[in-house]
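A.B. asks:
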Amino acid sequence: MLAYEVVVPEGYFGGPGGELATACLMYDQFIETQDFVLAKEGRWVNETAENIVC
Numbered sequence: 233m234l235a236y237e238v239v240v241p242e243g244y245f246g247g248p249g250g251e252l253a254t255a256c257l258m259y260d261q262f263i264e265t266q267d268f269v270l271a272k273e274g275r276w277v278n279e280t281a282e283n284i285v286c
């Protein structure tokens with residue numbers, strides 16, 4: 233999953249967290265629409281998710 237304006241969690245790579253960044257997440261399972269919840273407005277924008285089958 234790729235998304236922009238994602239709040240970095242505290243402790244991520246030893247940082248204080250709170251700043252906005254681009255997130256690229258990979259999952260080891262098939263994901264579906266119901267696996268997600270709504271984010272605060274202005275966060276996780278322009279998100280894209282795809283399932284890759286090898």
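Sequential numbering from 233 applies to the sequence shown in this note's numbering. Every residue, glycine too, gets a C-beta built ideally from N, C-alpha and C.
(1) Buried or exposed: V277, going by 16 or more other Cβ atoms within 10 Å of its Cβ?
(2) Closest to M233 by C-alpha separation, out of A281, C286, E273, would be which residue?
(3) Going by DSSP, which residues form a beta bridge with L270?
(4) Go through its chain and collect everything with a Cβ distance to G250's Cβ below 8 Å, but skip five positions before and after it.
C.D. replies: In terms of the structure at hand:
(1) Position 45 of the sequence shown, counted from the start, is the residue given in the question as residue 277. Classification of V277: exposed, given that the 10 Å Cβ count is below 16.
(2) Along the sequence shown, one-based indexing puts residue 233 at 1. When only C-alpha atoms are compared, the closest one is A281.
(3) Taking the first residue of the sequence shown as position 1, residue 270 is located at position 38. According to DSSP, which records beta bridges pairwise, L270 is partnered with nothing at all.
(4) As a first step, residue 250 must be located in the sequence shown, where it is residue number 18. For G250, the CB contacts under 8 Å within the same chain, skipping 5 residues up- and downstream, are V239, V240, E242 in chain order.
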